[in-house]
Structure formats: C-alpha cells, structure tokens
Amino acid sequence: MGILTLLFHNTRKPEGLLGRWMVSSMNHAHAAIADWGMCHLPKTDPVEIAELGCGGGRNVRQLLRRYPAARITALDYSAISVEKTKRVNRRDIQNGRCHVVQGDVARMPFEDERFDLATAFETVYFWPGPGESFREVYRILKPGGVFLIVNESDGANPHDNKWLSVIDGLRIFNKEQLSALLTEAGFSQVTVDHDLKAHRLCLLAVRSKPCFGATGSLPKALCSAGAGSEPGQRGNSLGDLERSGF
Ligand SMILES: C[S@@+](CC[C@H](N)C(=O)[O-])C[C@H]1O[C@@H](n2cnc3c(N)ncnc32)[C@H](O)[C@@H]1O
C-alpha cells in the first residue's frame, strides 16, 4: 500500500503518526466547508451541543465561540482525534464548557433527549448504517433538537469516485439518500442546501416535538405534516433549497 493510500485511510479513523498528521491537516482543510455549513444553523441558542466525529476539534472551538452560553460534548471513536480535540479546546475543557469522549456514533454513551443540537462535519460517510447511527442521533436529541450534516461530496461529482478506491469504508451519499435516511430515522423538517457548483451538501433535520391529542395543549390537526413521527415512520416533505452556485 502506498503512503498516500495509507494517509487517506486515516480520514476514516485516524491512527498512529499519519493519523496525527491527518487530524491537524483536516482542521485546516475542512475549515471552509465547516464554516459554510455553520451558516445554516438556525438562530437559536442551544445549551447542550454534541459534535459527532469531531476529528481534530477545530469545529468544536468554532461552535464554542458561536454559542458562548453552550456546553459542547465532542465524540470520536479515534483516540488520536480525541487527544487532538482535547488539546485544541483545553481552555474550555478546564472551564467546564467542553467535554471530549471516545465512542462510536452508533452506540453513544449519552442519555436520551440530552442535546439541543448535534453536528456532523465530513463524517457521515463512515458511520455504521448510517440509518442506525441517525436513529442514535435522534435518540440523544431533545424534541425540537436539530441535527446538522455537512458534506463536501454530494454524490454527483464523478471526480469524487477516485476517493472510493483510496479511502477504506467511504460511502458518498446524495441528498435524496440522506434525506430518506433521516426521515426513516424519525426526523422531520429535513431541509437541504445543495451547492451544485461546489458539489457540497448541508442538511438540517429536526426531531419534532410531540403532538398532543384531546388531553394535551396542541390539537393533532395543528401539528405539521411529519411532525411527531417516531423512528421508522416516514415523515414530511423535503424542503430543498437547491442553489445553482455561489
Ligand atoms: C474525515 S474526518 C472529519 C473530522 C472533522 N469532523 C472535520 O470536519 O475535520 C472523520 C472523523 O469521523 C470519525 N468517525 C468516523 N466514523 C465514526 C464513528 N462510527 N463513530 C465516531 N467517530 C467516527 C473519524 O474518526 C474521524 O475523526
């Protein structure tokens, strides 16, 4: 196996010396796509945020700056990623705003309905399922909580096919596949920004608030289509903000 192939394997799960180099370089190489994705975050003030597949921890730092009242729990299954994220965010770890955990997104060590926001930058390509992992994200989000996915590959760029043979375990999803998987996992109000020119995708999905019947405060008829769905049920329509370029 050539050095380049060995290097790119470390995007899936950084390990060893090459993994250390990879997490540092991803902090720079993914900055622009991550910042583009963060522009789509709703104007709310999440208190508990989960940054999933956190890599080198640069996006944890950006989210801590963006939401000064929030606490962030970062998760990655690579020991190298966890170590680097801790180093990059050491001050916020000391002041109690940041916590970094080694673990798999498919079985997260977090209680149900803990987080207001979950983010996934450049990582769902590798997640188990990923439908089963999306159900796990649904589980840890509060009702009304938001899940942000940001991918630099939209599944429509023939040039990306070369990565499939170079990076072990890589799967590139298009917007229809991701939207369907999110809806099947129980999410509603799935919106997509598909930047056709740069071939990048940003998806936002909401864990809907429960609808109440006759005994509750909100009549079922007022619940939006797809709201209140449980994992496994198909929900609402896809709000597609497709753009032709920037
Ligand atoms: C391509 S890197 C992206 C890192 C970072 N989010 C960024 O944008 O630079 C993918 C990261 O996801 C992590 N990852 C992949 N599959 C995972 C899983 N099943 N559970 C937890 N982390 C995972 C990898 O260890 C790696 O750090």
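If you're matching positions, the sequence shown starts at 1012 in my numbering and goes up one per residue. Cβ atoms here follow ideal geometry from the backbone N, Cα and C, with glycine treated the same way. For clarity, every value in this text was computed on a predicted model and none was experimentally measured.
By DSSP's criteria, residue i is part of a beta bridge. Which residues make up the other side?
{"i": "VAL1157", "result": "LEU1128 and VAL1217"}
{"i": "GLN1188", "result": "GLN1188 is not bridged to any residue."}
{"i": "SER1199", "result": "VAL1217"}
{"i": "ARG1082", "result": "GLU1059"}
{"i": "VAL1112", "result": "LEU1086"}
{"i": "ASN1162", "result": "LEU1212"}
{"i": "ASP1204", "result": "CYS1213"}
{"i": "LEU1260", "result": "No answer is possible for residue 1260: the residues shown for the chain start at 1012 and end at 1257."}
Do you know whose CA, among the options, lies nearest residue i's CA?
{"i": "ARG1077", "options": "VAL1093, SER1092, GLY1067 and ILE1060", "result": "ILE1060"}
{"i": "GLY1030", "options": "ILE1044, LEU1015, ALA1042 and ALA1043", "result": "LEU1015"}
{"i": "PRO1079", "options": "VAL1093, VAL1058 and LEU1128", "result": "VAL1058"}
{"i": "LYS1054", "options": "VAL1157, ILE1183 and LEU1189", "result": "VAL1157"}
{"i": "ARG1118", "options": "SER1176, GLU1133 and PRO1141", "result": "PRO1141"}
{"i": "GLU963", "options": "VAL1116, MET1049, ASN1168 and ALA1129", "result": "The chain is shown from 1012 up to 1257; residue 963 falls before or after that span and cannot be answered."}
{"i": "SER1036", "options": "CYS1050, GLY1048 and ASN1021", "result": "ASN1021"}
{"i": "HIS1110", "options": "ARG1098, GLU1122, ALA1085 and SER1092", "result": "ALA1085"}
{"i": "ALA1090", "options": "GLN1105, LEU1018, ASP1171 and GLY1027", "result": "GLY1027"}
{"i": "LEU1214", "options": "CYS1050, ARG1023, ARG1108 and ALA1167", "result": "CYS1050"}
{"i": "TYR1136", "options": "LEU1189, ARG1182, VAL1099 and ILE1160", "result": "ARG1182"}
{"i": "TRP1047", "options": "PHE1019, GLY1067, LEU1074 and ARG1146", "result": "LEU1074"}
{"i": "PHE1145", "options": "GLU1187, ASN1168 and LEU1192", "result": "LEU1192"}
{"i": "GLN1105", "options": "ILE1083, GLY1114 and SER1092", "result": "ILE1083"}
If you draw a straight line from the C-alpha of residue i to the C-alpha of residue j, how long is it?
{"i": "ASP1087", "j": "PRO1221", "result": "30 Å"}
{"i": "THR1096", "j": "ARG1069", "result": "7 Å"}
{"i": "ALA1081", "j": "GLY1013", "result": "43 Å"}
{"i": "LEU1233", "j": "MET1033", "result": "Model confidence at LEU1233 stands at a pLDDT of 33, short of 50, so the residue's coordinates are unreliable; what they give is reported in the following sentence. If I take the Cα positions, the gap works out to 49 Å."}
{"i": "GLU1133", "j": "VAL1148", "result": "16 Å"}
{"i": "PRO1120", "j": "LEU1212", "result": "28 Å"}
{"i": "SER1235", "j": "LEU1128", "result": "A caution first: SER1235 carries a pLDDT of 35, below 50, which makes its placement in the model too unreliable to give a value."}
{"i": "LEU1152", "j": "HIS1210", "result": "28 Å"}
{"i": "ALA1042", "j": "GLU1195", "result": "30 Å"}
{"i": "SER1219", "j": "SER1199", "result": "6 Å"}
{"i": "ALA966", "j": "VAL1201", "result": "Residue 966 is absent from the structure shown; the chain starts at 1012 and stops at 1257."}
{"i": "GLY1107", "j": "LYS1173", "result": "42 Å"}
{"i": "ILE1261", "j": "ASP1123", "result": "A question about residue 1261 goes unanswered here, because the residues of the chain that appear run from 1012 up to 1257."}
{"i": "GLY1256", "j": "GLY1180", "result": "Only weak support is given to the placement of GLY1256: the predicted model assigns it a pLDDT of 28, under 50, and the value that follows is read from those uncertain coordinates. About 30 Å."}
{"i": "GLU1094", "j": "GLY1197", "result": "33 Å"}
{"i": "LYS1231", "j": "PRO1154", "result": "Only weak support is given to the placement of LYS1231: the predicted model assigns it a pLDDT of 38, under 50, and the question is left unresolved by the model."}
{"i": "ILE1160", "j": "PHE1126", "result": "15 Å"}
{"i": "LEU1052", "j": "LEU1018", "result": "32 Å"}
{"i": "HIS1099", "j": "GLY1067", "result": "Reading the sequence as shown, one finds Val at residue 1099 and not His. Spanning the two alpha carbons is a distance of roughly 8 Å."}
May I ask you to check if the CB of residue i is nearer than 8 Å to at least one heavy atom of ligand 1?
{"i": "ASN1070", "result": "yes"}
{"i": "TRP1138", "result": "yes"}
{"i": "ARG1023", "result": "yes"}
{"i": "PHE1126", "result": "no"}
{"i": "SER1089", "result": "yes"}
{"i": "LEU1171", "result": "Position check: residue 1171 holds Asp in this sequence, whereas Leu was assumed. False, no ligand heavy atom lies under 8 Å from that Cβ."}
{"i": "SER1199", "result": "no"}
{"i": "GLU1094", "result": "no"}
{"i": "ASP1115", "result": "yes"}
{"i": "HIS1205", "result": "no"}
{"i": "LEU1214", "result": "no"}
{"i": "CYS1065", "result": "yes"}
{"i": "LEU1052", "result": "no"}
{"i": "VAL1099", "result": "no"}
{"i": "LEU1015", "result": "no"}
{"i": "ALA1209", "result": "no"}
{"i": "VAL1058", "result": "no"}
Within 10 angstroms of its Cβ, does residue i collect 16 or more other Cβ (buried), or is it exposed?
{"i": "PRO1025", "result": "buried"}
{"i": "SER981", "result": "Nothing about residue 981 can be read from this structure; the chain reaches only from 1012 to 1257."}
{"i": "HIS1205", "result": "buried"}
{"i": "HIS1039", "result": "exposed"}
{"i": "CYS1065", "result": "buried"}
{"i": "GLU1062", "result": "buried"}
{"i": "SER1176", "result": "exposed"}
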